[in-house]
Structures are given as structure tokens and as C-alpha cells.
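Asks: Take the sequence shown: its letters are residues 897 to 1033, numbered as in the numbering used here.
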Amino acid sequence: MIDRERKNATNRAFYWRHHEKSLARVATQRTKPGYREHARELLLAKKGEVLTHYGNGKCACVVCGYENVKALSVDHINGKTANEPTDKKLNGIGMYLWLIREIFPQGYQTLCMNCQFIKREDKREFANQYTGGKKRE
Ligand SMILES: [Zn+2]
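(1) Leaving out five residues before and five after Ile973 in sequence, what residues of the same chain have Cβ atoms less than 7 angstroms from its Cβ?
(2) Sort Glu916, Ile898, Ala956 and Tyr992 by Cα distance to Leu1046 and report the nearest one.
(3) In whole angstroms, what is the alpha-carbon distance linking Asp971 and Ala935?
(4) Which value, in whole angstroms, describes the spacing of the CA atoms of Cys1011 and Arg926?
(5) Between the Cα of Ser969 and those of Ser918, Thr948 and Val922, spot the shortest distance and give me the residue it belongs to.
(6) Which term fits Gln1025, buried or exposed, when burial requires 16 or more other beta carbons within 10 angstroms of its beta carbon?
(7) Report buried or exposed for Cys957, applying the criterion of at least 16 other Cβ atoms within 10 angstroms of its Cβ.
(8) For ligand 1, is there a heavy atom less than 6 angstroms away from the beta-carbon of Cys957?
(9) By Cβ distance below 7 angstroms, which residues in the same chain neighbour Val946 in space, the five residues on each side in sequence not counted?
(10) Return helix, strand or coil for Gly988, following the three-state DSSP convention.
(11) Any chance the CB of Tyr962 is under 6 angstroms from a heavy atom of ligand 1?
(12) Please report how far the alpha carbon of Gly975 lies from the alpha carbon of Lys928, in whole angstroms.
(13) Does the Cβ-Cβ distance between Tyr962 and Cys1008 come in under 7 angstroms?
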């Protein structure tokens, strides 16, 4: 952790030394044609990498084999893991980037949304407006 703090401090110092230049660079990059598409492709590639890892080498649901990446997500096998940061919400791409940074920790699997909902229902994880936020009996 100390190493990470030191690294963060170094990065922050570097950022502030160069931030005007880097803001200008980022601004020009973002106006280039195709920037958004390119950024999106990069993030989708990261997502694919994570889903393939947790799909046991296939970018597909580990339960039913569904392959459309638009409906695939990373599932916590037994709820949130202990090392997952709780101070900030990890969702969407933030989650995928975090998993890559942590070098693919254990406790996750690739599921399609269908299997996610079935699992939630089966494990009574589902708490909704009808139960007043309580888990069902
Ligand atoms: Zn599935």
C-alpha cells in the first residue's frame, strides 16, 4: 500500500508539473476525427479481455454460453470480495479496468444478464420495491 501511495504522489506531482500541456494535448486529441470511436473500441477491447478471462477463455456466459457481449457482465460469485474498494462505486468500465489493474482476482465469473437475474432470484438476492427492499422469504 505504501508503494501505491508513493506512486500516486509521484503521479500527482507529475500531473501538476505538466497539466497545462497535457490538458492542451488531450483537447486536441479529442477533436481528431474518429477519437470517440477509437476510445470506445479500446474500452470494448478491455471489457472483452475481462469477460474472456472470467468466461474461462471464452467471451461468453459460463452458465449458458450466451455470447453477445452487450448482455454479458462480470458477476461476483459470492457477493463482493474483501479486497474490492468500497469507497467508490465500481461499475461499468471502472470495474473492468480495476479487475485488469488487480491482475484478475478470484471470485468473479462472466454471466449473461439472464443468468444474473436467475442467480439473483435463486439466491434470494433480489430485493425490490414490492418487498420494501427486504429479501424475500
Ligand atoms: Zn447465461
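Beta carbons are placed, not taken as given, at the ideal position from N, Cα and C, and that holds for glycine.
On a predicted model such as this, the values are computed, not experimentally measured, just so you know.
Replies: Taking the structure as given:
(1) Gly1003, Tyr1004 and Gln1005
(2) The question about residue 1046 has no answer, for the chain in this structure spans 897 to 1033.
(3) 25 angstroms
(4) 38 angstroms
(5) Thr948
(6) Model confidence at Gln1025 stands at a pLDDT of 45, short of 50, so the residue's coordinates are unreliable; what they give is reported in the following sentence. Flag for Gln1025 reads exposed.
(7) buried
(8) yes
(9) Val970, Tyr992, Leu995 and Ile996
(10) coil
(11) yes
(12) 42 angstroms
(13) yes
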